């Protein structure tokens, strides 16, 4: 494959060039990032006022505030940043939900609950991003404490202990899927027994509205799509990819994807037109064709390698793939960044410069127009453009340092997904939450 490197220049040129861009293009108000992977849960923004080049070395920060460990990414809504973290050590561990001022990082409120972890990688705290919707902040803890809080004050509106209520068949790494709000319901992957892998709760009261799927939970967050005149919630469990009626939980379609080892589907399903793509560390990649006139679907291909080292197509771990045009892009099991043909799944090219090659190497990719913004697990921010011809890396800079509690190997990692809102990028590790401008100041 072809790789092109573009010199980033120095910080002053970065700022001056962007100032001209802002004058020429006028003011553009970027959207909030109110839930996991942004407004559409698809890690996509459209902000032409962002810089085209990053400064060399460390990106200048607007602010940095100390936080506890956690894998959850930040969310941004109405001038506030929301994050979950862990405080204390066993047996006195608490999970917190934090609300901070987006402009300054100043703490506005916090809520905490005691928790006893019985999951792997417990040292790093809660996993799922907070969902903010119409004045409510909905947060799920690593062991299944589901809170609906007043987004402005932190006051508890309702709270559920899902482990107690649904006898969760707890995934090895706990509950990771961020809550999905649809109309007047919160849809949550619980992994509960008795056909309660996926449960919908009344947004106002927390009462159960429906339950569905007698399957083991995975780690992937559900998404909402449209097929014909029907909203469809797509849930990738530890055993299938299914489309359900969000009003009732009735299953419209289901495509089996049984694990050959352990359920380990982490990335959120990716949709482009009538194509839906999922990728798993052990179980390879599957492309699904969506019927756009009615809620039906069928498998087009499922490609799986010999094992997680000898892979075919894409065996993604944490990194979220994207579909762009007629190609799929994403990081494989050890971080090899690949381009696949959408129709066949055949590999077009592979690049090893985006993230250091290691087991579970991770890069989060956010689309902005025709470009891609990447944060790798070493805390480097990359401005890139992906195509079937290769990857163009225009610039790369340091945003945040990796920390050991997310992974006590190879000097630590940054596994949490960043957020971009109003020209700012927000990222966290196990010690701090940082904010940096992506527009000239």
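Residue numbers (this note's numbering): 311 to 751. Glycine included, every Cβ here is placed at the ideal spot set by N, Cα and C. Note that the structure is predicted; figures quoted are calculated from it, not measured.
- Here DSSP, grouped into helix, strand and coil, assigns residue 476 to helix.
- Rounded to whole angstroms, the Cβ separation of residue 698 and residue 649 is 6 Å, and the two are in contact under 8 Å.
- Pairing residue 485 with residue 499 gives a Cβ-Cβ distance under 9 Å.
- The continuous beta strand (DSSP E) containing residue 520 extends over residues 518–522.
- Taking a C-beta distance under 9 Å as the contact criterion, residue 619 and residue 643 qualify as a contact pair.
- Residue 344 is a Cβ neighbour of residue 387, given a cutoff of 9 Å.
- Along the length of the region 388–438, whole beta strand (DSSP E) runs at least 3 residues long occupy 390–397, 403–411 and 417–425, reported in chain order.
- For residue 681, DSSP records a beta bridge to 678.
- One thing to note: residue 575 has its Cβ no nearer than 9 Å to the Cβ of residue 515.
- Residue pairing by DSSP places residue 692 opposite 684 and 706 in a beta bridge.
- Here residue 453 is buried, its C-beta having at least 16 other C-beta atoms within 10 Å.
- Boundaries of the beta strand (DSSP E) around residue 659: 657–661.
- When the beta-carbon positions are compared, residue 538 and residue 436 stay at least 9 Å from each other.
- Under the three-state reduction of DSSP, residue 727 is assigned to coil, being neither helix nor strand.
- Straight-line spacing of the CA atoms in residue 557 and residue 632 works out to 28 Å.
- Between residue 564 and residue 577 a beta carbon distance of about 19 Å is seen, past the 8 Å cut, so the two are scored as non-contacting.
- In the displayed model, residue 373 falls within a strand according to three-state DSSP.
- Around the beta-carbon of residue 646, 16 or more other beta-carbon atoms lie within 10 Å, marking it buried.
- Rounded to whole angstroms, the gap between the alpha carbons of residue 701 and residue 364 is 17 Å.
- For the set 627, 634 and 592, the Cα lying nearest the Cα of residue 583 is the one of 634.
- Residue 509 is positioned such that its CB atom lies closer than 9 Å to that of residue 502.
- Taking the Cα of residue 533 as reference, the smallest distance to any Cα among 341, 725 and 349 is reached at 349.
- With contacts defined as CB atoms closer than 9 Å, residue 560 and residue 522 qualify as a contacting pair.
- The C-beta of residue 570 has fewer than 16 other C-beta atoms within 10 Å across all chains shown, which makes the residue exposed.
- Just so you know, the alpha carbons of residue 687 and residue 463 end up roughly 33 Å apart.
- Counting every other CB atom within 10 Å of its CB across the protein chains shown gives residue 549 a total of 16 or more, marking it as buried.
- Per DSSP, residue 446 is one residue of the beta strand (DSSP E) stretching across 446–450.
- Distance from residue 376 to residue 741 at the Cβ level is roughly 6 Å; contact confirmed, criterion being Cβ atoms closer than 8 Å.
- Residue 579 has its alpha-carbon roughly 19 Å from the corresponding atom of residue 483.
- For residue 648, the enclosing beta strand (DSSP E) stretches over residues 647–651.
- In the three-state DSSP reduction, residue 628 falls in the coil class, being neither helix nor strand.
- Closest by C-alpha distance to residue 536, out of 411, 669 and 603, is 603.
- Note that the C-beta distance between residue 395 and residue 415 is not below 9 Å.
- Residue range 607–613 is occupied by the beta strand (DSSP E) that includes residue 609.
- Within a 10 Å sphere around the beta-carbon of residue 689 sit 16 or more other beta-carbons, which makes this residue buried.
- The C-alpha of residue 351 lies about 30 Å from the C-alpha of residue 721.
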